[in-house]
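Enquirer: When we follow our numbering, the leftmost residue of the sequence shown carries the number 464, and every step to the right adds one. The beta carbon of each residue, even a glycine, is placed where N, CA and C say it ideally should be. Given the structure is predicted, the values throughout are model-derived calculations rather than measurements.
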Amino acid sequence: MNGQYKAFWMTSEGFIEILDQTKLPFVEDTVILRTADDAIAAIKDMLVRGAGVIGNIAALGVYLAAKEHKDLKYIVSKANDIRESRPTAVNLMWAVDIMLKALASSRDDLVEVAYATAIQLCDDDCDRSIKIANYGCDVFENIMKEKGKTSINVLTHCNAGWLGIVDDGSALAPIYEAKRRGIDVHVYVDETRPRNQGANLTSWELEKSGIEHTIIPDNTGGYLMQQGFVDVCIVGADRVSANGDVANKIGTYLKALAAHDNNIPFYVAIPEGTLDFEIQNGVKDIPIETRCGNEIKYIKGLNKEGKVEEILIMPKHANVINYGFDITEVA
Ligand code: MRU
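1. Given 7 Å as the limit, tell me if CYS621 has its C-beta closer than that to any heavy atom belonging to the ligand MRU.
2. Compare the C-alpha of LEU635 against each of GLY645, VAL617, ILE561 and name the closest.
3. What I want to know is whether the C-beta of LYS712 ends up closer than 7 Å to one or more non-hydrogen atoms of the ligand MRU.
4. Between VAL793 and GLY684, what straight-line distance do the alpha-carbon atoms span, to the nearest angstrom?
5. If you compare alpha carbons, which of PHE788, VAL771, ASN757, GLY764 is closest to PRO778?
6. Comparing alpha-carbon positions, which option in ILE517, VAL695, GLY477 lies nearest CYS600?
7. Judging by CA-CA distance, which residue of ASN554, VAL652, PHE740 is the nearest neighbour of ILE679?
8. Nearest by alpha-carbon distance to ILE638: which of THR655, GLN660, GLU668 is it?
9. What are the uninterrupted segments assigned as beta strand (DSSP E) that are 3 or more residues long and contained completely in the segment 581 to 636, given in chain order?
10. For VAL746, is the classification buried or exposed, using 16 other Cβ atoms within 10 angstroms of its Cβ as the cut-off for buried?
11. Is it right to say ASN711 is buried, meaning 16 or more other beta carbons lie within 10 angstroms of its own, or is it exposed?
12. Would you say the segment 523 to 533 touches the segment 500 to 510, given that touching needs at least three Cβ pairs under 8 Å?
13. Here's a check: name, in chain order, each residue in its chain whose Cβ is nearer than 8 Å to the Cβ of TRP472, leaving out the five neighbours to either side.
14. Is it the case that the segment 568 to 587 contacts the segment 529 to 537, given that we only count it when at least three CB pairs across the two stretches are under 8 Å?
15. For the ligand MRU, is there any heavy atom lying closer than 7 Å to the beta carbon of GLY691?
16. Report buried or exposed for LEU626, applying the criterion of at least 16 other Cβ atoms within 10 angstroms of its Cβ.
17. Run the CB neighbour count on THR493, radius 10 Å, all protein chains shown included, and call it buried at 16 or more, exposed below.
18. Quick check on DSSP: helix, strand or coil for GLN689?
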């Protein structure tokens with residue numbers, strides 16, 4: 464891939480240029496990350512997000528640390544800061560561990576090793592994404608065959624497309640593959656409050672690819688499933704524990720329950736870096752991120768003048784709680 468991915472790419476000076484996901488779908492803007500601290504801020508403030516891409520930027524952030532100071536002690540201390548930047552997506556810790564292992568065991572130039580290791584990790588994620596695309600699309604075709612249908616309605620939550628996993632996504636990868644195979648595919652996109660990754664990001668990605676989709680409020684999926692409008696649900700994940708418990712964007716669990724109640728297949732599409740064999744029981748032990756309550760209190764959109772604006776949508780001092788993820792157990 465030569466360090467060029469859809470959600471981020473390497474500049475000729477060896478820095479990382481990212482699509483600023485906080486501005487989508489209203490403004491397509493990029494930001495250049497020059498230091499490990501830039502990478503940490505981009506992950507924390509969600510300019511980049513989605514388990515896979517967080518891991519990629521974490522790996523490249525370790526490379527930026529090596530570029531700042533060719534000193535293993537410095538690199539390790541920055542790597543530890545990167546590891547702390549978000550708690551739930553284990554791809555972040557997985558990527559940092561791969562980087563530190565490669566750096567500790569090599570006698571070559573630290574910057575070169577860090578760069579080669581990070582780019583290899585990103586390229587491997589691209590290969591995994593293609594495998595998910597093919598496997599997942601075969602599953603879609605089987606569902607269509609079983610139902611005797613020539614089209615398929617898929618429901619997804621949050622964003623697990625190429626903004627979150629290079630370079631085809633995880634949950635959206637089979638949908639992109641369906642389009643490539645000429646399958647008549649339609650996607651129900653959960654808006655995914657409070658940050659609206661579905662409404663803002665998934666819809667933006669699908670629109671760019673000319674894939675038919677309908678954005679639905681988060682509470683609508685159950686009714687659609689009950690009425691037979693959904694053939695399959697597919698989501699990504701931020702961490703899957705050894706017993707198969709799935710941490711994904713808050714609201715995933717309720718969709719899984721509705722799917723279970725209506726006998727609708729519910730798939731979780733993940734690359735290798737999302738597996739955490741160290742945690743046996745996900746419900747008990749996967750750390751769940753709690754984010755700032757203002758993400759719930761304020762909503763961002765275009766005002767009548769076409770300018771991006773944030774407005775308060777509840778009493779200013781209302782109590783809120785903002786868990787980023789929930790856990791779904793395998794039935
Ligand atoms: O808080 P986010 O936007 O980083 O959460 C992302 C998700 O929950 C995705 O569904 C997950 O990472 C799947 S793969 C991109």
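Expert: Let's see:
1. yes
2. VAL617
3. yes
4. 20 Å
5. ASN757
6. VAL695
7. VAL652
8. GLU668
9. 614 to 619
10. exposed
11. buried
12. yes
13. GLY466, ILE479, GLU480
14. yes
15. no
16. buried
17. exposed
18. helix
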